[in-house]
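See structure below.
Numbering (the UniProt record's numbering), first residue to last: 1 to 750.
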């Protein structure tokens, strides 16, 4: 059936060739949910006197599948005792449990082998392109030492040696000048030509030999950035193979900056490995014994104390992920794929420079300079903009590490402008496991200005929940599970049969919708928003506007975005289940026309029913009112839950569902983001309590509560040249307030 074909990887950066061959292998991707009852070959009662019974086809219940999947994530290879316990608890036979786990392991192994094959083919194409580039370069060789032609016989040996010596002297002179500017604090004269250093000023400007920087006054004093002058002779730090100078970005200080970047990356990698060690003294148990926290005294002793004016949060988390180490490393080292893997965390990622691509055609030793915007889905928490180095290193067979560190960390604190946030060495250590899984240990360490964060969210950030390692691991597990499901031939229990192209277009459209919603909530630079300071609104409401002239993915005219965050005395899961329930939608959504909505299409993106893309149809006011549908994406994990939706006209959706280009479908998304508060989350730390900023309230059987963010985008005028009125601002403000009150009323909370 075409409705059960595979979808492919998320987003346009993944290769759809992964999915083309899965129809013929459908039996491989069954997760063990199907069983046959009947006499087996070794059944003593199944003799020749009895006719063979026809085998009956059975499917496990959703509850049984959910329990088996949950256990499989923790232990893919259960022993006999564990299987027996599962069979009793789920009312299954022992052999049914055994066969389910065998089939599940076979399924994941098959999917990941296909993924690996695609990755190897891509790597093969990359190597072929690199080989062609090398052949082209060899056809016109250039001397690396002097920059002249490297054709034997064209120039004399003496001239070649003079050019090499001249290039070496120029390079040494440039580095000496850079050091003079840094340490003497005065600019040196122009070096446009060697004659500019006259005899009259050379002794003053360059007299830094034995009595200067390399003189006795500095004996025993190590210089920063790994540079050593010794007896007055400048030497370079040890070179990393493949390093090139980022001249276009760093100007005349390329050599000095390169040395600083290398030293900073190596030190950051060493710190990450120490932080990730299981028995590291850098981590101690919290007062309640449920969570580990950073040992700040030990960290200050080994590395550096926290500078004044910054708050700090450091977290560590380990999880098992359905992806092998090579595929994960390739994703992390590609800015676009990295942002696509963590769409709710990374608002924008821009590669600034590639200092090295690694050694031997791998990512080992790769060093990148990047800029990113890290977000928490609330208008009350500013986006964290960070310019950082990303360094990748292979530590053993199947063991990799990727570390990020802000470039400001390597600079003199006295000469560095105060930054709103700094990312100390953070990243992950990835270790291959059997059957294509990986064990990932993630470390997150931030220093940030707490004064710019709203009081409502400070406890969440202090506890490490907001930007902590658990959020990265939870997102990675959810996304990899989604990729595995979309690569499988059993994708969903949708009500319509979509082609592969139709599914892909639908998912791309939903991905763009959710990305635009996050941009409107967090005000990232991925989309150009203009903030509106409205005095009549409180500091917990963000209102922005943008004029759309030529973007086909948005209606033309003036778009108004408004978002706010409130505390709710109900748990994250209860609130998520209520908001995604199409039968209860009329209790808060004016687009439902006062009645329940019907789910027309369901594309699963996770084992849980709540992780999906769906198409909803509202109750029609009259028989002819069927021109508008609701596109909705929902997902949840332990760190965050999201419900995003947008009205779409039927004609545009028919084009998308037929596999057409979704980029021309105009969307104005609205929705909700739900975060656990630090009281209800089991990841909270006892020494970072809520300080009473979040009220304690009744939520029935719920403990604590959740933080709800509501965001709406509306078209206030279809003319881009029109002026925004206060009536439009009041309208969207009233819409948000009314929606929040309806949700509270439906849940019977204050």
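Every residue, glycine too, gets a C-beta built ideally from N, C-alpha and C.
Residue environment, residue i, which counts as buried when at least 16 other CB atoms sit within 10 Å
i, result
"residue 309", "exposed"
"residue 721", "exposed"
"residue 738", "exposed"
"residue 49", "Because residue 49 sits at a pLDDT of 46, beneath the cut-off of 50, its placement in the model cannot be relied upon, and the point is left open."
"residue 436", "buried"
"residue 279", "exposed"
"residue 730", "exposed"
"residue 427", "buried"
"residue 668", "buried"
"residue 114", "buried"
"residue 719", "exposed"
"residue 390", "buried"
"residue 349", "buried"
"residue 185", "At residue 185 the pLDDT is 47, less than 50, meaning the model places this residue with poor confidence and gives no usable figure here."
"residue 347", "buried"
C-alpha gap between residue i and residue j, whole angstroms
i, j, result
"residue 488", "residue 323", "14 Å"
"residue 452", "residue 542", "14 Å"
"residue 105", "residue 477", "17 Å"
"residue 273", "residue 429", "8 Å"
"residue 740", "residue 654", "33 Å"
"residue 100", "residue 254", "58 Å"
"residue 752", "residue 263", "This structure does not reach residue 752, given that the chain is present from 1 up to 750, and the question cannot be answered."
"residue 111", "residue 443", "29 Å"
"residue 80", "residue 94", "9 Å"
"residue 604", "residue 267", "43 Å"
"residue 749", "residue 98", "46 Å"
"residue 125", "residue 551", "34 Å"
"residue 707", "residue 461", "13 Å"
"residue 549", "residue 559", "11 Å"
"residue 334", "residue 84", "45 Å"
"residue 297", "residue 507", "48 Å"
"residue 599", "residue 633", "12 Å"
"residue 710", "residue 561", "11 Å"
"residue 327", "residue 431", "12 Å"
"residue 311", "residue 732", "35 Å"
"residue 130", "residue 606", "38 Å"
"residue 275", "residue 592", "51 Å"
"residue 41", "residue 69", "Unreliable placement is indicated for residue 41, whose pLDDT of 40 sits below 50; the coordinate value is still reported in the next sentence. Whole-angstrom Cα-Cα distance: 29 Å."
"residue 86", "residue 303", "48 Å"
"residue 353", "residue 260", "15 Å"
"residue 540", "residue 122", "47 Å"
"residue 675", "residue 171", "54 Å"
"residue 469", "residue 317", "6 Å"
"residue 74", "residue 103", "16 Å"
"residue 65", "residue 72", "10 Å"
Residues bridged to residue i (per DSSP)
i, result
"residue 786", "Nothing in the structure corresponds to residue 786, since the chain is present only between 1 and 750."
"residue 321", "438"
"residue 617", "598"
"residue 645", "632 and 670"
"residue 448", "311 and 421"
"residue 283", "294"
"residue 356", "367"
"residue 676", "706"
"residue 257", "Partner(s): none; residue 257 has no beta bridge."
"residue 130", "In the DSSP output, where bridge partners are listed per residue, residue 130 has none listed."
"residue 718", "Paired residues: none, contrary to the question."
"residue 560", "545 and 714"
"residue 510", "For residue 510, which the question treats as bridged, DSSP gives no partner whatsoever."
"residue 566", "708"
"residue 530", "545"
CA nearest to the CA of residue i, picked from the options
i, options, result
"residue 671", "559, 528 and 520", "520"
"residue 407", "713, 257, 649 and 163", "257"
"residue 471", "545, 351, 345 and 578", "345"
"residue 608", "565, 481 and 420", "481"
"residue 642", "77, 121, 420 and 343", "343"
"residue 423", "271, 645 and 747", "271"
"residue 726", "677, 545, 373 and 425", "545"
"residue 533", "116, 724 and 284", "724"
Cβ-heavy atom distance, residue i to the ligand NAD, below 7 Å
i, result
"residue 112", "In the structure on display, the ligand NAD does not appear, and there are no ligands present to speak of."
Requested in this report: Go through the stretch 365–441 residue by residue and report every complete run of the beta strand (DSSP E) that reaches 3 residues or more, in order.
Outcome: 367–374, 384–396, 399–406, 421–423 and 426–432
Report task. Entirely within the stretch 74–104 and at least 4 residues each: give me those alpha helix (DSSP H) ranges in chain order. Result -> 80–90
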